[in-house]
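Reviewing the structure listed below.
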Ligand SMILES: [Zn+2]
């Protein structure tokens, strides 16, 4: 039976192709993704209508959007890439080719588990080439926006600690700390779903966002309680924030660092990833 790699040290690609269809969170439109084994290190992206035009995933392609991470590939935008990318890099894959039909990645149930189940079905094989080097920190590093902050210190291991603080009784203050490995990612982070707030849902829908948002693909908070319980973990929201961070780190690789994140957001994650890119080059 297939088991995920023990750590993030080796190069791995998929044993076979994965195909998944679904609804995009923001557009509400049907989209499809095929993930293929690859001999090239890193993650590559192409569109089904132009299969020979292949983009290597790079931090310069990231655009800040309020609720998700969007890629700009020569003017063509792809939204909500973070959960798919977190699934690939978090499970230990280092080489993969993503072929997209549409302008968004299917949201599935709002977590990474749907992708993980597909990876488990096809398994992984050692990659033909060495993986890209992971960022190494020489000294502590931090980025902040107002009171939101990411702080990283050099470490042999990759350890994450997330903290959130919401003025809603159902969420409140939460902290979660995890020694990262593919197995811990799969068990502790991947099942955590995206979450939203009932009072913001209508506002976002009016603004043309989250057209595909529904109770089956996000946890919805109504202040004191959850509209669609049960939760998969008592602290599912802070675990999902770590899932988003891992997805946003896929552009530069998982650093050898211990990372603390307080009230993270995609724009803060992207700023942190840009700082890691400088360490790499
Ligand atoms: Zn998310």
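Numbering (the numbering used here), first residue to last: 809 to 1089.
Each residue gets a CB set at the ideal place from its N, CA and C atoms; glycine is no exception.
Identity of the residue in 814, 1013, 1024 nearest residue 916 by Cα: Locating residue 916 in the chain shown gives position 108, counting from the first residue. Checked all of 814, 1013, 1024; the closest Cα to residue 916 is 1024.
CA-to-CA distance, residue 887 to residue 876, given in whole angstroms: Along the chain shown, one-based indexing puts residue 876 at 68. Along the chain shown, one-based indexing puts residue 887 at 79. Taking the straight line joining both Cα atoms gives about 7 angstroms.
Residue 917: CB within 6 angstroms of a non-hydrogen atom of ligand 1: As a working note, residue 917 is residue 109 in the chain shown. Every heavy atom of ligand 1 is 6 angstroms or more from the Cβ of residue 917, so no.
Under the three-state DSSP convention, the category residue 811 falls into: For this step, residue 811 is matched to residue 3 along the chain shown. Coil.
Distance CB(residue 823)-CB(residue 930) smaller than 7 angstroms: In the chain shown, the residue the question calls residue 823 occupies position 15. In the chain shown, the residue the question calls residue 930 occupies position 122. Contact: yes.
Minimum length 4: unbroken alpha helix (DSSP H) runs contained in the region 976-1038: 1006-1014
Same chain only: Cβ atoms within 6 angstroms of residue 1040, ignoring 5 sequence neighbours per side: Along the chain shown, read from residue 1 onward, the residue named residue 1040 stands at position 232. Excluding residues within five positions, the ones whose Cβ falls inside 6 angstroms are 999.
Contacting residues, own chain, Cβ-Cβ under 7 angstroms from residue 1056 (five flanking each side not counted): Within the chain shown, the letter at position 248 stands for residue 1056. If you ignore the 5 residues before and after residue 1056, its C-beta comes within less than 7 angstroms of the C-beta of 877, 890, 1074, 1077, 1078, 1081, all in its own chain and listed in chain order.
heavy atom of ligand 1 below 6 angstroms from residue 1002 C-beta: To locate residue 1002, count along the chain shown from 1; it is residue 194. Result yes, Cβ under 6 angstroms from ligand 1.
Start-to-end residues for the beta strand (DSSP E) that takes in residue 841: Counting from 1 along the chain shown, the entry for residue 841 is found at position 33. That run of the beta strand (DSSP E) goes 838-844.
Distance between residue 960 and residue 940 (C-alpha atoms, nearest Å): The sequence position of residue 940 within the chain shown is 132, counting from 1. The sequence position of residue 960 within the chain shown is 152, counting from 1. Using only the alpha carbons, I get a separation of about 21 angstroms.
Alpha carbon of residue 1011 to alpha carbon of residue 1089, nearest angstrom: The residue labelled residue 1011 in the question sits at position 203 within the chain shown. The residue labelled residue 1089 in the question sits at position 281 within the chain shown. Taking the straight line joining both Cα atoms gives about 42 angstroms.
Alpha-carbon spacing of residue 847 relative to residue 821, whole angstroms: Counting from one through the chain shown, the residue named residue 847 turns up at place 39. Counting from one through the chain shown, the residue named residue 821 turns up at place 13. Going from the Cα of residue 847 to the Cα of residue 821 covers about 8 angstroms.
heavy atom of ligand 1 below 6 angstroms from residue 1052 C-beta: By 1-based counting over the chain shown, the position of residue 1052 is 244. Relative to ligand 1, the nearest heavy atom lies less than 6 angstroms away from the CB of residue 1052.
For residue 896, the nearest candidate out of 1064, 1085, 1059 (CA to CA): Position 88 of the chain shown, counted from the first residue, corresponds to residue 896. Measuring from the Cα of residue 896, the nearest candidate turns out to be 1059.
Burial state of residue 879, where buried means 16 or more other Cβ atoms lie within 10 Å: In the chain shown, counting from the first residue as 1, residue 879 sits at position 71. Buried, by the Cβ-count rule.
As assigned by DSSP and simplified to three states, the class of residue 1060: Residue mapping note: residue 1060 aligns to position 252 of the chain shown, counting from 1. Coil.
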